[in-house]
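Engineer:
Residue numbers (my numbering): 9 to 218.
1. By DSSP, does residue 121 sit in helix, in strand, or in coil?
2. Helix or strand or just coil, what does DSSP make of residue 18?
3. Determine the extent of the alpha helix (DSSP H) in which residue 36 is found, giving its start and end residues.
4. Leaving out five residues before and five after residue 187 in sequence, what residues of the same chain have Cβ atoms less than 6 Å from its Cβ?
5. Would you mind working out which of 183, 83 and 208 sits nearest residue 129, comparing C-alpha positions?
6. Under the DSSP definition of a beta bridge, which residues are partnered with residue 198?
7. How far does the beta strand (DSSP E) with residue 149 in it reach, from first residue to last?
8. Kindly indicate which three-state DSSP category residue 105 falls into: helix, strand or coil?
9. Could you compute how far the alpha carbon of residue 65 sits from the alpha carbon of residue 89?
10. Pull up the DSSP beta-bridge partners for residue 77, would you.
11. Which whole-angstrom value is the C-beta distance of residue 162 and residue 193, which I expect to be below 8 Å?
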């Protein structure tokens, strides 16, 4: 078994039509530059244009790193709790936000979330022959909900606790999975590679700072 370092990035800022803005393209390029020193073996990304565009712009800064589109890195609701799972004082505020999600989308999201954990997390059984025992480093360019779900899973928190984890556009989270050790969140929501004017996109307005 080998260590896995999972790098998670939300797509860059996007328009209502789902394409990157000029700020979003710049965010992606700067994130790619930050990752140039990381020996990434793959860049996985969701199928929606904002994630695919972000992944391509990052990959342009990295050289010969393969891009892999996958549904599990897409935009979906990973889990919807029952009322009795939530602390009583927050249930009325949280549940109405998820009420519009159809039964079909709930089932699809739960299955994709299960597969994402299986595909992207945990130590690696066996790496490429030419890498020997070196850890595997992989980037997933995705959406806020999946990042929240994988961070929740790494912390072994209750399933509902993915709610309330916010992630900025092109922010970076890094999780280490090592044999016989709990998952370790090394970096969360880091935007140090972005200038101040690009750091707060993707957050709810009330959470932004000047």
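Even for Gly, the Cβ is constructed at its ideal location relative to N, Cα and C. Source: prediction; values computed, not measured.
Structural biologist: Let's see:
1. Position 113 of the chain shown, counted from the first residue, corresponds to residue 121. Residue state, collapsed to three classes: helix.
2. Here residue 18 refers to the residue found at position 10 of the chain shown. Of the three classes helix, strand and coil, the one that applies to residue 18 here is strand, per DSSP.
3. Against the chain shown, residue 36 aligns to sequence position 28. 30-42 is the extent of the alpha helix (DSSP H) around residue 36.
4. Along the chain shown, one-based indexing puts residue 187 at 179. Within the same chain, residue 187 has close Cβ partners 9 and 131.
5. Stepping through the chain shown from its first residue, residue 129 is reached at position 121. Checked all of 183, 83 and 208; the closest Cα to residue 129 is 183.
6. Here residue 198 refers to the residue found at position 190 of the chain shown. For residue 198, which the question treats as bridged, DSSP gives the partners 180.
7. For the purposes of this step, residue 149 is taken as the residue at position 141 of the chain shown. Taken as a continuous stretch (DSSP letters only), the beta strand (DSSP E) holding residue 149 covers 144-150.
8. Residue mapping note: residue 105 aligns to position 97 of the chain shown, counting from 1. The answer is helix: DSSP assigns residue 105 an H, G or I state.
9. Along the chain shown, read from residue 1 onward, the residue named residue 65 stands at position 57. Along the chain shown, read from residue 1 onward, the residue named residue 89 stands at position 81. The alpha-carbon atoms of residue 65 and residue 89 are separated by roughly 36 Å.
10. As a position in the chain shown, residue 77 is number 69, starting the count at 1. Paired residue(s): 53.
11. The count along the chain shown starts at 1 and reaches residue 162 at position 154. The count along the chain shown starts at 1 and reaches residue 193 at position 185. That pair is a contact at about 5 Å.
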